[in-house]
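*Asks:* The structure follows.
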Amino acid sequence: MTDAPHRGTERFDLTGRTALVTGAARGLGRAFAVGLAEAGADLVLVDLPGAEGVTETIAAVEELGRRAWSYPQDLSRTGELADLVDTVRAERGPLHILVNNAGTAALERYNEITQESWHAVMRVNLDAVFFLSQRVAEHMTADRVTGRIITVTSKNALVAEAGLAHYNASKAAAQLLTETLAVELAPHGITANTLAPGMVDTPIDGDFPLDRDAFEAAYRERIPLGRYARPDECVGALLLLASDAGAYITGARLVVDGGVLADQMPRTRFMPPYRNTVRPE
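At position 149 of the sequence shown (counting the first as 1) the number is 1225 in my numbering, and the numbers step up by one without a gap.
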């Protein structure tokens, strides 16, 4: 029985594998990179040229004894993504894990969305996801790697939210895209899944034109667990999908939202106070 805990952790061991994470300079991207490194993976970090925080992410990975390399890339320049992947493969060897984490959003009413703002969101949240996944999967297949493709979507892939028509559409499309990849790549042993966070304390909505304090107070009341997630609280779900522990999971979505989607109507605040029927000893 003494070996059981060790055998359990081996299922999540990523030693000898290389993971590419987009949007790796901060927030969820940094948490994912560090979590993968903790599990033993080396990291290829992709973010915008000059993005603040990449150096800190590299340092955090290297502190864990893993290797990390930065590849600056504007993901909206989708015509360059195949070359990026080819370069990474040539310089760093086979890729085993792709984490499509980078995303962008804008808060605009439906009649304020221009063609420019629509395409700006779609290029990063959908187009880049496809073209990166496409090229990485080709290399995984050629290298006979039983790879993992994980795309970070959102609860907004499943339910609508006002002011985010382009964001909602991009995340919903990424979900079905991932399911399609899962079906096509299954014969090669490559899995494709999505991780759908709820509200996470990250900078993506930092410039939204709204009363932040009032909005966040109201939203926290809407979350059964009563708070936003910390980025590191999404890492466990990622490791499940990235490791041998999730080898038979493909075409799935793993929601990490504190219970939001499970709660049709936040009724508990209007109910009588909770009364425990079990008396303490």
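Even glycine gets a Cβ: it sits at the ideal position worked out from N, Cα and C.
Since I believe Gly1105 is in contact with Gly1099 (beta carbons under 8 Å), could you give me their beta-carbon distance rounded to a whole number of angstroms?
*Replies:* Start at 1 with the first residue of the sequence shown, and residue 1099 comes out as number 23. Start at 1 with the first residue of the sequence shown, and residue 1105 comes out as number 29. Right, their Cβ atoms sit about 4 Å apart.
*Asks:* Is the separation between the beta-carbon of Leu1202 and that of Ala1249 shorter than 8 Å?
*Replies:* Counting from one through the sequence shown, the residue named residue 1202 turns up at place 126. Counting from one through the sequence shown, the residue named residue 1249 turns up at place 173. Yes, the Cβ-Cβ distance between Leu1202 and Ala1249 is below 8 Å.
*Asks:* Can you give me the C-alpha to C-alpha distance between Ala1101 and Thr1131, rounded to a whole angstrom?
*Replies:* Counted from its first residue, the sequence shown places residue 1101 at position 25. Counted from its first residue, the sequence shown places residue 1131 at position 55. Spanning the two alpha carbons is a distance of roughly 8 Å.
*Asks:* Whole angstroms is fine: what's the gap from Gly1129's alpha carbon to Arg1345's?
*Replies:* Translated into positions along the sequence shown, residue 1129 becomes position 53. Translated into positions along the sequence shown, residue 1345 becomes position 269. Straight-line Cα distance between these residues: approximately 40 Å.
*Asks:* Determine which residues share a DSSP beta bridge with Asn1269 and list them.
*Replies:* Along the sequence shown, one-based indexing puts residue 1269 at 193. Ile1226, per the DSSP bridge assignment.
*Asks:* Within 10 angstroms of its Cβ, does Met1031 collect 16 or more other Cβ (buried), or is it exposed?
*Replies:* Since the first residue shown for the chain is 1077 and the last is 1357, residue 1031 is missing from the structure and cannot be characterised.
*Asks:* Quick one: residues in its chain with C-beta nearer than 7 Å to the C-beta of Thr1078, no 5 flanking neighbours on either side, listed in chain order?
*Replies:* Position 2 of the sequence shown holds residue 1078. For Thr1078, the predicted structure reports a pLDDT of 46, less than 50, and the residue's modelled location is therefore unreliable. A value from the coordinates is still provided. Same-chain partners within the cutoff: there are none.
*Asks:* Over the uninterrupted beta strand (DSSP E) stretch that includes Tyr1304, give me the two end residues.
*Replies:* Translated into the one-based positions of the sequence shown, residue 1304 becomes position 228. Note, Tyr1304: premise wrong, no beta strand (DSSP E); not H, not E.
*Asks:* Can you have a look at Gln1210 and say buried or exposed, based on whether 16 or more other CB atoms are within 10 angstroms of its CB?
*Replies:* Numbered from 1 along the sequence shown, position 134 holds the residue referred to as residue 1210. Exposed is the call here.
*Asks:* Excluding the five sequence neighbours on either side, which residues of its own chain have a C-beta within less than 7 Å of the C-beta of Pro1184, listed in chain order?
*Replies:* Stepping through the sequence shown from its first residue, residue 1184 is reached at position 108. It is Glu, not Pro, that sits at residue 1184 in the sequence shown. The residues are Ser1193 and Gly1239.
*Asks:* Suppose contacts are defined by Cβ-Cβ distances below 8 Å. Is Pro1170 in contact with Thr1094 by that definition?
*Replies:* Taking the sequence shown and counting its residues from 1, the one referred to as residue 1170 is at position 94. Taking the sequence shown and counting its residues from 1, the one referred to as residue 1094 is at position 18. Their beta carbons are under 8 Å apart, which means Pro1170 touches Thr1094 by this criterion.
*Asks:* Taking its Cβ as the centre, do 16 or more other Cβ atoms sit within 10 Å of Tyr1350, making it buried, or is it exposed?
*Replies:* As a position in the sequence shown, residue 1350 is number 274, starting the count at 1. So Tyr1350 ends up on the exposed side.
*Asks:* Am I right that Ala1115 and Phe1088 are in contact with their C-beta atoms under 8 Å? What's the rounded C-beta distance?
*Replies:* Position 39 of the sequence shown holds residue 1115. Position 12 of the sequence shown holds residue 1088. Right, their Cβ atoms sit about 6 Å apart.
*Asks:* Give me whichever residues DSSP pairs with Pro1148 in a beta bridge.
*Replies:* Looking up residue 1148 in the sequence shown gives position 72. The partner list for Pro1148 (beta bridge, DSSP) reads Asp1123.
*Asks:* Report yes if the CB atom of Val1259 is closer than 8 Å to the CB atom of Arg1298, and no otherwise.
*Replies:* As a working mapping, residue 1259 is identified with position 183 in the sequence shown. As a working mapping, residue 1298 is identified with position 222 in the sequence shown. No, these two residues do not count as a Cβ contact at 8 Å.
*Asks:* Report buried or exposed for Leu1252, applying the criterion of at least 16 other Cβ atoms within 10 angstroms of its Cβ.
*Replies:* Taking the first residue of the sequence shown as position 1, residue 1252 is located at position 176. Counting Cβ neighbours within 10 Å, Leu1252 comes out exposed, since fewer than 16 surround it.
*Asks:* With distance defined between alpha-carbon atoms, name the residue in Asn1244, Gly1223 and Leu1160 nearest to Thr1229.
*Replies:* Along the sequence shown, read from residue 1 onward, the residue named residue 1229 stands at position 153. When only C-alpha atoms are compared, the closest one is Asn1244.
*Asks:* Does the separation of the CB atoms of Thr1254 and Thr1227 fall below 8 Å?
*Replies:* The sequence position of residue 1254 within the sequence shown is 178, counting from 1. The sequence position of residue 1227 within the sequence shown is 151, counting from 1. The answer is yes: Cβ separation under 8 Å.
*Asks:* If distances are taken between C-alpha atoms only, which option among Asn1352, Leu1121 and Ala1127 comes closest to Glu1376?
*Replies:* The structure shown has nothing for residue 1376, since the chain only spans 1077 to 1357.
*Asks:* Ala1293 to Val1197, Cα distance in whole Å?
*Replies:* Within the sequence shown, the letter at position 217 stands for residue 1293. Within the sequence shown, the letter at position 121 stands for residue 1197. Rounded to the nearest angstrom, the two C-alpha atoms are 27 Å apart.
*Asks:* Should Leu1286 go down as buried or exposed, given a rule of 16 or more other Cβ atoms within 10 Å for buried?
*Replies:* Locating residue 1286 in the sequence shown gives position 210, counting from the first residue. So Leu1286 ends up on the exposed side.
*Asks:* Name the residue from Val1097, Pro1273 and Ala1136 whose alpha carbon lies nearest to the alpha carbon of Tyr1147.
*Replies:* Within the sequence shown, residue 1147 is the residue found at index 71, counting from 1. It is Val1097 whose Cα lies nearest to the Cα of Tyr1147.
*Asks:* Taking only three categories from DSSP, how would you classify Arg1142?
*Replies:* Taking the sequence shown and counting its residues from 1, the one referred to as residue 1142 is at position 66. Coil.
*Asks:* Going by beta carbon distance, what residues of the same chain come within less than 8 Å of Leu1271, once the five residues before and after it are set aside?
*Replies:* Residue 1271 sits at position 195 when you count from the first residue of the sequence shown. The answer, listed in chain order, is Ile1226, Thr1227, Val1228, Thr1229, Cys1310, Ala1313, Leu1314, Leu1317, Arg1329, Leu1330 and Val1332.
*Asks:* Could you give the DSSP three-state label for Arg1087: helix, strand or coil?
*Replies:* Along the sequence shown, read from residue 1 onward, the residue named residue 1087 stands at position 11. Of the three classes helix, strand and coil, the one that applies to Arg1087 here is coil, per DSSP.
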